[in-house]
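Reading the sequence shown from the start, the letters are residues 7 to 714 in my numbering.
Every residue, glycine too, gets a C-beta built ideally from N, C-alpha and C.
Read through the structure below, which is laid out as structure tokens, and then see the notes.
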Amino acid sequence: MTEPIHDISVEGFIESFDRRYPTFILKTLLRDRTTGRNIIWADNEYEALGDGYMGDDEITVEKITGMNSGVIKPRIAKEQERQSQRTKSRAEVFTPSWLCNQMNNDLDEAWFGRRDVFNTEVVADDDVKTWMATAEPVTFPKSKGRGWHAYVEAPRLEITCGEAPFVCSRYDTVTGDELPVGERVGFLDRKLRIVTEKTKTRKEWGCRALDALRATYGFEYQGDNLLIARINVLETFAEHFRDRWGSDPERDELEQAAWIVSWNFWQMNGFTDAVPTNKMGAEVESTLGTFEEPEPEPMQPSLFDIFDDVFPNGTTEGTKEEEPKETVPLCVIYDWQNGEPFEFATLKGKAAAMGKKFYAVIGNPPYQLSVPESDSGNKTYAPPIYHEFMDSAFKVSNKVELITPARFLFDAGSTPKAWNRKMLNDSHFKVMGYKADASSVFPNTDIKGGVAVTYRDADRDFGAIEVFTHFDELRTIKEKVVKHGIQPLGDIIFAADSYHFTEAMHEDHPEIRYVDDDHGLLSKNHDYDLKTNVLDNLNNVVFFDEMPGDGDSYISIFGRGRAGRAYKFISARYIAPHPNLDKWKVLVPAANGSGVLGEVLSTPLIGRPLIGHTQSFISIGSFDSEAEATALLKYIKSKFARTMLGILKITQHNPAPKWKYVPLQDFTSASDIDWSQSVADIDRQLYAKYGLDDEEIQFIESHVKEMD
């Protein structure tokens, strides 16, 4: 086997593997141990190829080799268009190798009690993150249960594993560059490095390396990804063997390794814990009671052939088509220590044996449902799902490290508010790293609110996060303001949707009300809402550029039209009473910037009495005097107020809850702040009021932009 470590060309990855190993190895890696059949495509990406490539069709050797070479290839070899489409349709974000290394290092730090065990993370001159492998053999803690045997045998799981980048790093997931065995960073690579360092004979190495494989797990929904992951894991075993002994594993060693991999890397729907299916209404069922248990370590191909032709319920390939099932089985995996199969779902129950839980779970779960899968009715809304994968992971391991969107840390986004608060108040949960700009981790990817690497350890108490801030200075500033006593400015903020039309408008103009997509000028279910487009859609119907001279009483509505910001007149009878319609207030765009700390707000302005607003704006205050509104406008422009806003505002949206830590001030002449001064001087007064030190003041001054 003198070929390169791998071939990731368009027509090379599968074919290269099949050339170098007996075909039955590839057949073994295509098996689904739960169903007794082959893994399925579980995706519509290949349907254009015709029969045999539908979502529920099995993947076979014939469908991916020979005349069908190049059907399956690693992510890095796919056309850019397919990569982009898959990212959109399956919410896949591909994890760079440096991040896989960093997160595996975090888990190893928990084991060893120190960092830089297998490598040292470095930043190259060109600002590229990389690592340098340690040269000395790894030393283990002397504490009980932390020796090298235990490390090799401690089961770890990569959830929604894709091509298994956290497990093994045969190639850089971003560039496709091959990585020498000695520089690899996957958790299986680490186990095999220990095996190489601690064993003396080929027989002992093989025995311990298989132990490492048995303690290495991953699940994946899509069949092509799963097959690539299985190949990568088996090749990792073979390449470490070759690097240590200068020869290839024997046939029986490869056979055992492939058998283990086909069990430990399984195809599963992470929501149901069952085999994926496109069957509508299929019910999940347990088949463990009728499961035909195999020999865990077969030594002859005939054992594969015998078992692979038998299904869990005793049916055969010939009866499969005759008796279509309306159910889908829960996924079965193998407990190698106790020599028995069990259903993955049982790990989540309270009665699950602790010995069957994973030592650690790691991964990059899907972030959201694709738009077609969403039942929300909103064609552009993709509901988040990563929080469900987080909860699921917490049930099967005490130690879980994942990278996900970070919005929940700010109690933002569409994850359930109760779940957000649960995580922020969980004393076993902490943030290992946060990036406001997600593209610095995942190039060409826009994830509002950034991404975070989080770690949960049920055996340790880190103290609850409560309120997350990614700057230490921001945290201490917040603590001082809260200690001073705070009533949030949000208490006087009126939401973007707080202004409404009246029934009188619909009585006078029945043509406005929504009937269907062809009848009505307003959107469905929004007959009374001043949506962002009403100034255009109802122009010269109820909104006018000039006040009509018909003797009716008119007010102004401020919003955005096709030509930009605009005031338009509307009959006062058509707008419902509102607490600040007859008052002075400040109007602020409902969406501002991107959520980066210290960015400028988009031109807030004073709203006079008899001015309302569409949903393009929020309004703050309900004052009797213009002076109070002017003072508020200066406060909103201050660096101090925008710093406090930045604690929770991490996207473009700024509803009242995001202003929770912006303290409400007295905006009258009796205030302890002299509002007649410049904004810069008002900032200095606020710094003194809340006792900020020089370091905290410098932080604000250097991070927050001035506003005119």
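Put residue i into one of helix, strand or coil per three-state DSSP.
i	result
SER446	helix
GLU303	Unreliable positioning characterises GLU303 in this predicted model, as indicated by a pLDDT of 45, which lies under 50. A coordinate reading is not provided.
VAL180	coil
ARG571	strand
ARG648	helix
TYR340	strand
ASN74	helix
ARG427	helix
THR333	strand
GLN658	coil
GLU291	strand
ILE453	coil
VAL281	coil
GLN108	helix
GLY599	coil
SER398	helix
PRO255	coil
HIS709	helix
ILE20	helix
ARG566	strand
HIS525	strand
SER684	coil
Considering only DSSP beta bridges, list what residue i is partnered with.
i	result
LEU593	LEU611 and SER625
GLY439	VAL459
LYS135	VAL129
ARG162	THR222 and ALA366
GLY557	DSSP, once it has assigned bridges, lists no residue as partnering GLY557.
ASP535	HIS506
TRP47	According to DSSP, which records beta bridges pairwise, TRP47 is partnered with nothing at all.
LEU408	GLY369 and THR460
GLN493	Partner(s): none; GLN493 has no beta bridge.
GLN374	PRO390
PHE271	GLY224
Of the residues the options, which one's Cα is nearest the Cα of residue i?
i	options	result
GLU394	PHE416, ASN370 and TYR387	ASN370
PHE247	GLU261, THR278 and TRP211	TRP211
PRO143	SER529, ARG196, ASN111 and SER446	ARG196
ALA141	LYS148, ASN125 and TYR387	ASN125
LEU36	VAL594, VAL267 and ARG220	VAL267
ARG566	VAL158, HIS709, PRO494 and LEU536	LEU536
ILE237	THR293, LYS285 and SER175	SER175
HIS709	ILE65, LYS645, VAL548 and GLU189	LYS645
GLU127	VAL180, ILE70, GLU184 and VAL191	VAL191
ILE31	ASN44, ILE20 and LEU260	LEU260
GLU159	ALA48, TYR641, LYS363 and PHE19	LYS363
LEU353	PHE414, PRO663, PHE400 and ASP672	PHE400
PHE225	LYS209, GLY276 and THR181	GLY276
TYR693	THR296, LYS486 and HIS506	LYS486
TYR667	LEU638, LYS285, LYS655 and THR283	LYS655
Taking residue i and residue j to be in contact with their CB atoms under 8 Å, please state how far apart those CB atoms are, rounded to whole angstroms.
i	j	result
ALA116	ASP467	With 8 Å as the limit, ALA116 and ASP467 do not qualify as a contact, their Cβ atoms being about 14 Å apart.
ARG579	THR657	The Cβ separation is near 37 Å, so there is no contact.
ASN660	ASN598	6 Å
ALA218	LEU232	Contact doesn't hold; Cβ gap of about 20 Å is too wide.
LYS574	SER562	7 Å
ARG220	PHE193	In fact, because the Cβ distance is near 13 Å, the residues do not count as touching under 8 Å.
ASP38	VAL281	7 Å
ILE617	ALA635	Rounded, the Cβ-Cβ distance is 11 Å, inconsistent with contact.
PRO663	GLY496	6 Å
Which residues in the same chain have their Cβ closer than 6 Å to the Cβ of residue i, if we skip the five residues on either side of it in sequence?
i	result
ILE492	PRO669
GLU303	Per-residue confidence for GLU303 stands at a pLDDT of 45, beneath the threshold of 50, marking its modelled position as unreliable; the derived number appears in the next sentence. Around GLU303: GLN262.
THR202	ARG250
ASP417	ASN426
ALA470	ASN431 and SER433
What does a CB cutoff of less than 8 Å around residue i pick up in its chain, not counting 5 residues either side in sequence?
i	result
MET109	PHE172, ILE368, GLU407, ILE409, MET438 and VAL459
GLN683	GLN691
GLU472	LEU430 and ASN431
SER382	Note on SER382: pLDDT 49, under 50, position unreliable in the model; the coordinate value appears next. Only PRO389 meet the Cβ criterion.
PRO186	none
VAL290	THR278, ASP279, ALA280, THR333, VAL334, PRO335 and LEU336
Cutting at 7 Å between CB atoms, please list the residues of its own chain near residue i, excluding the five before and the five after it.
i	result
TRP154	PHE146, ILE200 and LYS204
ASP680	GLN691
ASN50	GLY61
ASP279	LEU336, CYS337, PHE350 and ALA351
GLN704	none
Please confirm whether residue i has its beta-carbon closer than 9 Å to some beta-carbon of chain D.
i	result
VAL602	Protein chain content of the structure displayed is limited to a single chain, and chain D is not contained in it.
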